[in-house]
């Protein structure tokens, strides 16, 4: 009897304990699976985030490498072209004997004929038939060949050798004559982040920089020429300074008003007089914002 009672008690108490243990074990398994799913989800999200930033990093490296190669390729091309510069430009004092065009334009013109011998233009034209000359501002990076074509967009994205490159080339306004015979000629160049092309023009926002670099030298097929800077400032793309088409038979008063606008817009007074007897050039480049342009105006001395 005792044995049966013990056996029955064992049966009654053993089964509930087993069921309770099964339930605990089942909940543990569920919790374990849920925890595993959460860990897997976290790892997936972390993996996606890491993958996203890895893609950004790779893309950024690619972009930087592309920009570097673009700059390097452009700089290398223009560095190689320096071999066609044979001599330094002639200072205006050595040519005109100190005369300025406003003092005695006729005498200065007669005394200032400087043959174009310092640039090997023929060799440059063998490389690019649209080459018309060379522009240089001493002691700056601006020393480049110039081109002229009927398309003002082509050389925004092509170098002197016509290679596709955002560095572009220095080019003269398509509507201007290639021989600089117009009263007003415009020359364009990019404002590159590495300081090349026309990037240093923005340094003319200070008078001290202008004092250190007052002249622009233009070598053309006919002669070498020197221009004296008289105005520097930031201009809107619709500014009057981009007006061309002035001819010698145009009203001197109208042309003088144009020149006065250029001079009066300057960030500082250069003290350089400019009259309707003067031919002028404008160097133009984009600002960092891209909405405006920085322009430098200069009058012809010889």
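Residue numbers (my numbering): 56 to 357. A virtual CB, placed ideally from N, CA and C, is assigned to each residue, including glycine.
Status (buried if at least 16 other CB within 10 Å, exposed otherwise) for residue 308: Counting from one through the chain shown, the residue named residue 308 turns up at place 253. Residue 308 is exposed by the Cβ-count criterion.
Just tell me which of 217, 239, 144 has its CA closest to the CA of residue 24. Here the chain comprises residues numbered 56 to 357, so residue 24 is not present and cannot be evaluated.
Which residues DSSP lists as bridging residue 291, in chain order: Taking the chain shown and counting its residues from 1, the one referred to as residue 291 is at position 236. BP columns for residue 291 point to 347.
Given the structure, does residue 308 come close to the ligand MN, in the sense that its CB is under 8 Å from one of the ligand's heavy atoms? As for the ligand MN, it is missing from this structure, which has no ligand bound.
Which residues in the same chain as residue 228 place their Cβ atom closer than 6 Å to its Cβ, once the five residues preceding and following it in sequence are excluded? Here residue 228 corresponds to residue number 173 of the chain shown, with the count starting at 1. Hits under 6 Å: 241.
Below 9 Å between beta carbons: does that hold for residue 274 and residue 144? Numbered from its first residue, the chain shown carries residue 274 at position 219. Numbered from its first residue, the chain shown carries residue 144 at position 89. For residue 274 and residue 144, yes; Cβs fall inside 9 Å.
Considering only the beta carbon of each residue, do residue 314 and residue 287 sit closer than 9 Å? As a first step, residue 314 is located in the chain shown; it is residue number 259 there, counting from the start. As a first step, residue 287 is located in the chain shown; it is residue number 232 there, counting from the start. No; because the gap between Cβ atoms is not below 9 Å, this pair is not in contact.
I need the DSSP call for residue 310, collapsed to helix, strand or coil. Taking the chain shown and counting its residues from 1, the one referred to as residue 310 is at position 255. It is helical.
Pick from 210, 334, 85, 345: whose alpha carbon is nearest that of residue 280? By 1-based counting over the chain shown, the position of residue 280 is 225. Measuring from the Cα of residue 280, the nearest candidate turns out to be 334.
So, at 6 Å on beta carbons, what are the nonlocal neighbours of residue 343 in its own chain, with the 5 sequence-adjacent residues on each side left out? Numbered from 1 along the chain shown, position 288 holds the residue referred to as residue 343. None.
For residue 310, which residues of its own chain have a beta-carbon under 7 Å away from its beta-carbon, when the five flanking residues on both sides are left out? Sequence index remark: in the chain shown, residue 310 carries index 255 (1-based). Hits under 7 Å: 238, 301, 331.
Are the Cβ atoms of residue 271 and residue 243 separated by less than 9 Å? Here residue 271 corresponds to residue number 216 of the chain shown, with the count starting at 1. Here residue 243 corresponds to residue number 188 of the chain shown, with the count starting at 1. Contact flag unset, no.
Closest to residue 140 by C-alpha separation, out of 148, 129, 173, 338, would be which residue? In the chain shown, residue 140 corresponds to position 85, counting from 1. Taking only the C-alpha atoms, the option nearest residue 140 is 173.
Supposed contact pair residue 252 and residue 222 - C-beta distance, whole angstroms, cut 8 Å: Residue 222 sits at position 167 when you count from the first residue of the chain shown. Residue 252 sits at position 197 when you count from the first residue of the chain shown. Confirmed, Cβ separation roughly 6 Å.
Give me the DSSP bridge partner(s) of residue 283. The residue you call residue 283 lines up with position 228 of the chain shown. DSSP output for residue 283 lists 270, 354 as bridge partner(s).
Between the alpha carbons of residue 318 and residue 339, how many angstroms are there, rounded? For the purposes of this step, residue 318 is taken as residue 263 along the chain shown, with counting starting at 1. For the purposes of this step, residue 339 is taken as residue 284 along the chain shown, with counting starting at 1. If I take the Cα positions, the gap works out to 15 Å.
According to the Cβ coordinates, are residue 278 and residue 168 closer than 9 Å? Taking the first residue of the chain shown as 1, we reach residue 278 at position 223. Taking the first residue of the chain shown as 1, we reach residue 168 at position 113. Taking 9 Å as the Cβ cut-off, residue 278 and residue 168 qualify as a contacting pair.
Looking at residue 299 and residue 325, is the spacing between their C-beta atoms short of 9 Å? Walking along the chain shown from the start, residue 325 turns up at place 270. Walking along the chain shown from the start, residue 299 turns up at place 244. No, these two residues do not count as a Cβ contact at 9 Å.
Separation of residue 207 from residue 254, as counted between CA atoms: If you number the chain shown from 1, residue 254 lands on position 199. If you number the chain shown from 1, residue 207 lands on position 152. Looking at the two C-alpha atoms, the distance is approximately 19 Å.
Using 8 Å for Cβ pairs, my map puts residue 191 next to residue 182. What's the rounded Cβ distance? Taking the first residue of the chain shown as position 1, residue 191 is located at position 136. Taking the first residue of the chain shown as position 1, residue 182 is located at position 127. Between residue 182 and residue 191 the Cβ distance is about 18 Å, and since that is not below 8 Å, they are no contact.
Using a 10 Å radius around the Cβ and a threshold of 16 neighbouring Cβ atoms, would you call residue 305 buried or exposed? Counting from one through the chain shown, the residue named residue 305 turns up at place 250. Burial call: exposed.
Could you compute how far the alpha carbon of residue 336 sits from the alpha carbon of residue 130? For this step, residue 336 is matched to residue 281 along the chain shown. For this step, residue 130 is matched to residue 75 along the chain shown. Using only the alpha carbons, I get a separation of about 25 Å.
Selection from 96, 347, 147, 135 that minimises the alpha carbon distance to residue 290: Working through the chain shown from its first residue, we reach residue 290 at position 235. Closest by alpha carbon: 347.
Near residue 186, what residues of its chain come up, given a Cβ to Cβ distance below 8 Å and the 5 sequence neighbours on each side ignored? For the purposes of this step, residue 186 is taken as the residue at position 131 of the chain shown. The residues are 176, 179, 180, 200, 201, 202, 215.
Mapping DSSP to helix, strand and coil, what is residue 316? Here the question's residue 316 lines up with position 261 in the chain shown. DSSP places residue 316 in helix when its eight states are reduced to three.
Which residues mark the beginning and the end of the alpha helix (DSSP H) in which residue 177 is found? Your numbering for residue 177 matches position 122 in the chain shown. Its alpha helix (DSSP H) spans residues 176 to 182.
Coarse secondary structure for residue 150, derived from DSSP in three states: Position 95 of the chain shown holds residue 150. Helix.
Applying the 10 Å Cβ sphere with the 16-neighbour rule, what's the burial state of residue 355? For the purposes of this step, residue 355 is identified with residue 300 of the chain shown, where counting begins at 1. Buried.
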